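Numbering (our numbering), first residue to last: -6 to 301.
Below you'll find the structure, written out as structure tokens, and then a few comments.
Following this line, the structure appears as structure tokens:
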């Protein structure tokens, strides 16, 4: 109740009292850190998250990300898999309504426009095999379904995959890490790969671009979004615990993986707390094989859920 009324200092004091009784209560340390952060007590929040980091061996609460976001740790180049999985398992039931109604999220629509404009320019028919990375509840899949013969989706969160499965729009759904998923796909077997609002949790782009390049046939399309970072760094971790990427670095990573950029548009991707979040919606074409291109690392096993 105290947090709901905005009294985060008092809420933090109550959690501290609870932690005196149960000092190894990891969710309590996470809650304490978040309340202290909202109260402006950043150094105290950092101490709480350091304690959380020591208790949370699986990384479910994302303490390293929270520390890095406040300059108290190193940002990871790879996905914080356990944290992202737990986060979206928790949000899955109400995720889609919140995203569309409160955040004015339109990334799938923007990416679909780029893809379909290019398909019309080529006078192409349906895509034979499409892969939707980080498919979530299937918002991207809804835009793709009638333009694709076979549509596969993958997401870290089993809860999100279950929500997508209820829509009946995917031919195949997989709960697992996208690097492992891509590594299990036959080379040059897909003609479209999409990733809407996915790389904000991935850090470095090069490994996943390599994995996408391996599975796309020459001429295949790759459509994705990234949040925009205008500084000199390749990527930064924001207080939202989402990565933002430098546009020129992303272009260079695409070229190195054998892609030609077709569209690279700066757009407002969503709103967060009344603030417009800008990013890039990108369409690239697979043009050539690159010698020595690595397969994306297998960060975790993928579990296939076949949709009837």
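C-beta: ideal position from N, C-alpha, C; glycine also.
Fair warning: this is a prediction, and the values are worked out from it, not measured in the lab.
Using three-state DSSP, classify residue i as helix, strand or coil.
| i | result |
| --- | --- |
| residue 211 | strand |
| residue 122 | strand |
| residue 235 | coil |
| residue 183 | strand |
| residue 146 | strand |
| residue 190 | coil |
| residue 265 | strand |
| residue 296 | Low local confidence applies: a pLDDT of 36 at residue 296 is under 50, so the model's placement there is unreliable, and no value is given. |
| residue 229 | strand |
| residue 251 | coil |
| residue 174 | helix |
| residue 3 | helix |
| residue 54 | coil |
| residue 154 | helix |
| residue 162 | coil |
| residue 73 | coil |
| residue 258 | strand |
| residue 45 | helix |
| residue 274 | strand |
| residue 65 | coil |
| residue 221 | strand |
| residue 11 | helix |
| residue 85 | helix |
| residue 197 | coil |
| residue 216 | strand |
| residue 168 | strand |
| residue 301 | Any reading at residue 301 needs caution, since the residue's pLDDT is 28, under 50, leaving its predicted position unreliable; the model's value is listed next. Three-state DSSP puts residue 301 in coil, outside helix and strand. |
Could you check how far apart the C-beta atoms of residue i and residue j are, in whole angstroms? I think they sit under 8 Å.
| i | j | result |
| --- | --- | --- |
| residue 126 | residue 186 | 7 Å |
| residue 156 | residue 74 | The Cβ separation is near 19 Å, so there is no contact. |
| residue 206 | residue 279 | 6 Å |
| residue 245 | residue 213 | About 20 Å separates the two Cβ atoms, so there is no contact after all. |
| residue 150 | residue 120 | In fact, because the Cβ distance is near 25 Å, the residues do not count as touching under 8 Å. |
| residue 146 | residue 85 | Contact doesn't hold; Cβ gap of about 14 Å is too wide. |
| residue 215 | residue 252 | 6 Å |
| residue 166 | residue 158 | 6 Å |
| residue 144 | residue 123 | 5 Å |
Once the 5 residues before and after residue i are set aside, which same chain residues still bring their CB inside 6 Å of it?
| i | result |
| --- | --- |
| residue 2 | 32 |
| residue 60 | 42, 66 |
| residue 115 | none |
| residue 275 | 217, 257 |
| residue 264 | 96, 97 |
| residue 89 | 130 |
| residue 58 | 73, 234 |
| residue 51 | 75 |
| residue 82 | 150, 152 |
| residue 181 | 210 |
| residue 13 | none |
| residue 239 | 222, 227 |
| residue 79 | 53 |
| residue 100 | 189, 190, 218, 262 |
Can you give me the Cβ contacts of residue i inside the same chain, cut-off strictly under 8 Å, excluding the 5 residues immediately before and after it?
| i | result |
| --- | --- |
| residue 17 | 48 |
| residue 160 | 130, 131, 134, 135 |
| residue 304 | Within the shown structure, residues of the chain are numbered from -6 to 301, placing residue 304 beyond reach of any answer. |
| residue 231 | 62, 220, 237 |
Cutting at 7 Å between CB atoms, please list the residues of its own chain near residue i, excluding the five before and the five after it.
| i | result |
| --- | --- |
| residue 45 | 19, 22, 23, 26, 54, 56 |
| residue 5 | 25, 28, 29, 32 |
| residue 39 | 60, 63, 65 |
| residue 9 | 25 |
| residue 268 | none |
| residue 91 | none |
| residue 247 | 202, 254, 277 |
| residue 154 | 148, 166, 168, 298 |
Taking 8 Å as the threshold (beta carbon to beta carbon), is residue i in contact with chain D?
| i | result |
| --- | --- |
| residue 247 | No chain D is part of this structure, which consists of one protein chain only. |
At least 3 beta-carbon pairs within less than 8 Å: the stretch 194 to 204 vs the stretch 108 to 117
By the Cβ criterion, the stretch 194 to 204 is not in contact with the stretch 108 to 117, since fewer than three pairs of Cβ atoms, one from each stretch, lie closer than 8 Å.
Taking one C-beta from the stretch 90 to 108 and one from the stretch 221 to 241 each time, how about it: are there three or more such pairs within less than 8 Å?
The count of Cβ pairs closer than 8 Å, one atom from the stretch 90 to 108 and one from the stretch 221 to 241, stays below three, leaving the stretches out of contact.
Complete beta strand (DSSP E) runs within the stretch 95 to 141 (minimum length 3 residues, chain order)
Counting whole runs of 3 or more residues, the stretch 95 to 141 contains the beta strand (DSSP E) stretches 120 to 126.
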